[in-house]
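J.:
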Amino acid sequence: MGSKRAMLGNGLGDLLGSEVPTAKRFADLFAGSAAVAIHVARRYDLPVLAFDLQNYSSVLAGAVINRKVAVPLENLFKNWRQRAKTRINGLKIPDASHISKKSVSEWRKWCADQGSLPITVAYGGHYFSPVQAVWIDALRASLPKSDPARTVALAALIQAASQCAAAPGHTAQPFQPTFTAKKFLLDAWNRDLVAKTRAVFELLAKQTAKQVGSAMVSDAEEAARGLNEGDLAFIDPPYSGVHYSRFYHVLETISQGSCGEVTGIGRYPDPKLRPKSKFSMISESEDALDSLLKTVSSRGAKAILTFPDHECSNGLSGDIVHEVASKHFTVGGGKVDSKFSTLGGTSDKKRKSEAARAARQHAKELMLVLSPK
Ligand SMILES: C[S@@+](CC[C@H](N)C(=O)[O-])C[C@H]1O[C@@H](n2cnc3c(N)ncnc32)[C@H](O)[C@@H]1O
49 MGSKRAMLGN
59 GLGDLLGSEV
69 PTAKRFADLF
79 AGSAAVAIHV
89 ARRYDLPVLA
99 FDLQNYSSVL
109 AGAVINRKVA
119 VPLENLFKNW
129 RQRAKTRING
139 LKIPDASHIS
149 KKSVSEWRKW
159 CADQGSLPIT
169 VAYGGHYFSP
179 VQAVWIDALR
189 ASLPKSDPAR
199 TVALAALIQA
209 ASQCAAAPGH
219 TAQPFQPTFT
229 AKKFLLDAWN
239 RDLVAKTRAV
249 FELLAKQTAK
259 QVGSAMVSDA
269 EEAARGLNEG
279 DLAFIDPPYS
289 GVHYSRFYHV
299 LETISQGSCG
309 EVTGIGRYPD
319 PKLRPKSKFS
329 MISESEDALD
339 SLLKTVSSRG
349 AKAILTFPDH
359 ECSNGLSGDI
369 VHEVASKHFT
379 VGGGKVDSKF
389 STLGGTSDKK
399 RKSEAARAAR
409 QHAKELMLVL
419 SPK
């Protein structure tokens, strides 16, 4: 999660610093990990709006950008943990400290039998050890009742689960108990999910926005229709020809609480339940970008647009993005060095040239400043 987090320290933070102070509102139209929305909300005195097709993104953003005051910690985490523990007292959870194909297969069966624990059934013995999965279910079912503590707690659980997931980069496919991958599986499964949840919870609780903003599940173009003159949009659209919901379904399930039946080695929920984006369809991506930028420009808003400066598997490239942007805006800005995420780096014919590379590659990224003509 959060490829833009690194760029904030590498040019993007400075660019935001020169553009945000004169804006009326800041709207992150493809918020993802919410790293950029939270960065701006914490530093600048303007409302921040965050949008994404995925619910987990709204939870991460909303945990900070929705409030101006810290969440008093009191005994919130201790009580949350205690409520969760009460739910799982008496459950004989298999200890996954020694991994073999046979033991993993037994744990998967054990997890699949825990009918009242949806995340354990879907992902236990795959992305998470049985203990981690049971705790995710128990914590998810015992969240604090009211906001802002509830959203902060859920965001902490999502982030902790992301830090523990036994998968390369993104949750598209879990590590398997093979000779080579066993050590990665063991390393991930040994991570203390409850301690990580606590650490993130206490960190997020302290973070505040300068002004109250809002986080919503929404299509970027629909969100852009609500922009006004003086607003600054941040546009970091998909570059992958595979829908992002394929890479983040585990986090989405945790944010929703359950996902129904899952299939395949990646344990995917039903495709009908996973959001699809025109930006991840080769035949639609350029029109989708054109239409979005037309809308942003028609609203009189300014924008910062970032995109990898090479051909991407959704059919867009730095050159195409620049060309489309020039139709609707006066374009400034330039390029910065970045780490390009191959979203797991596995082989996939649809993903053309970036397939089969390492999970993160050195690359250049466009960082364009779009001013209404
Ligand atoms: C390149 S990622 C953004 C990463 C984000 N800037 C960060 O730092 O984590 C693209 C995001 O756009 C979302 N997305 C895809 N299509 C969308 C659409 N039509 N409207 C809103 N969000 C969309 C995806 O769910 C994904 O989170």
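Read in order, the letters of the sequence shown are residues 49 to 421 in the numbering used here.
Note that beta-carbon positions come from the ideal geometry of N, C-alpha and C, so glycine has one too.
(1) Does the beta carbon of Val84 fall short of 7 Å from some heavy atom of ligand 1?
(2) With burial defined as no fewer than 16 other Cβ atoms inside 10 Å of the residue's Cβ, what is the status of Thr343: buried or exposed?
(3) Just checking, does the segment 274-293 make contact with the segment 116-132 on the three C-beta pairs under 8 Å criterion?
(4) In angstroms with no decimal places, state the Cα-to-Cα distance between Lys421 and Lys350.
(5) Buried or exposed: where does Asn103 fall if 16 or more other Cβ atoms within 10 Å of its Cβ makes it buried?
(6) Report all residues from its chain with a CB closer than 7 Å to the CB of Val379; omit the five preceding and five following residues, and keep chain order.
(7) If I measure Cβ to Cβ from Glu67 and keep anything under 8 Å in the same chain, skipping five residues before and after, which residues do I get?
(8) Of the residues Phe327, Gly348, Gln207 and Pro356, which one's Cα is nearest the Cα of Tyr296?
(9) Report yes if the C-beta of Asp100 is less than 7 Å from at least one heavy atom of ligand 1; otherwise report no.
(10) For Ile147, which residues in the same chain have their Cβ closer than 8 Å to its Cβ, ignoring the five residues on either side in sequence?
(11) Would you kindly check if the distance between the Cβ of Ala132 and the Cβ of Leu202 is under 8 Å?
(12) Can you check which of these residues, Gly172, Val112, Ser81 and Leu205, is closest to Arg91 by C-alpha distance?
(13) For Glu154, which of helix, strand or coil comes out of DSSP?
(14) Mapping the DSSP letters down to three states, classify Pro286 as helix, strand or coil.
(15) What does DSSP give as the partner residue(s) for Phe416 in the beta ladder?
(16) State the DSSP-derived secondary structure class of Phe99, mapped to helix, strand or coil.
(17) When you compare the segment 60-80 with the segment 94-103, are there three or more beta-carbon pairs, one atom per stretch, that lie closer than 8 Å?
T.: Once the coordinates are examined:
(1) What you label residue 84 is simply residue 36 of the sequence shown in a count that begins at 1. Yes, the Cβ of Val84 comes within 7 Å of a heavy atom of ligand 1.
(2) Numbered from its first residue, the sequence shown carries residue 343 at position 295. The Cβ neighbour count for Thr343, taken over all protein chains shown within 10 Å, is at least 16; the residue is labelled buried.
(3) Short answer: they don't touch.
(4) Within the sequence shown, the letter at position 373 stands for residue 421. Within the sequence shown, the letter at position 302 stands for residue 350. Cα to Cα, Lys421 sits roughly 10 Å from Lys350.
(5) On the sequence shown, residue 103 is found 55 positions in, with the first residue counted as 1. Counting other Cβ atoms within 10 Å of its Cβ, Asn103 reaches 16 or more and is therefore classed as buried.
(6) Sequence index remark: in the sequence shown, residue 379 carries index 331 (1-based). For Val379, where only same-chain residues beyond five positions count, the Cβ hits under 7 Å are His370, Ala373, Leu416 and Leu418.
(7) Within the sequence shown, the letter at position 19 stands for residue 67. Excluding its 5 nearest sequence neighbours in each direction, Glu67 has C-beta neighbours in its own chain below 8 Å: Leu280, Lys350, Ile352 and Val417, listed in chain order.
(8) Locating residue 296 in the sequence shown gives position 248, counting from the first residue. Ranking the options by Cα distance to Tyr296, first place goes to Gln207.
(9) For the purposes of this step, residue 100 is taken as the residue at position 52 of the sequence shown. Because some heavy atom of ligand 1 lies under 7 Å away, the Cβ of Asp100 counts as near it: yes.
(10) Within the sequence shown, residue 147 is the residue found at index 99, counting from 1. Cβ neighbours of Ile147 within its own chain (closer than 8 Å, five residues either side excluded): Pro225, Lys230, Leu233, Leu234 and Trp237.
(11) In the sequence shown, the residue the question calls residue 202 occupies position 154. In the sequence shown, the residue the question calls residue 132 occupies position 84. Leu202 places its beta carbon 8 Å or farther from that of Ala132.
(12) Here residue 91 refers to the residue found at position 43 of the sequence shown. Taking Arg91 as reference, the option from Gly172, Val112, Ser81 and Leu205 with the minimal CA-CA separation is Val112.
(13) If you number the sequence shown from 1, residue 154 lands on position 106. Note: Glu154 maps to helix in three-state DSSP.
(14) For this step, residue 286 is matched to residue 238 along the sequence shown. Note: Pro286 maps to coil in three-state DSSP.
(15) Here residue 416 is taken as the residue at index 368 of the sequence shown, counted from 1. The sequence given here places Leu at residue 416; Phe does not occur at that position. Within the DSSP bridge table, the entry for Leu416 names Leu353 and Gly381 as partners.
(16) In the sequence shown, residue 99 corresponds to position 51, counting from 1. Collapsing the DSSP output to three states places Phe99 in a strand.
(17) Note that the segment 60-80 touches the segment 94-103; at least 3 beta-carbon pairs, one per stretch, sit closer than 8 Å.
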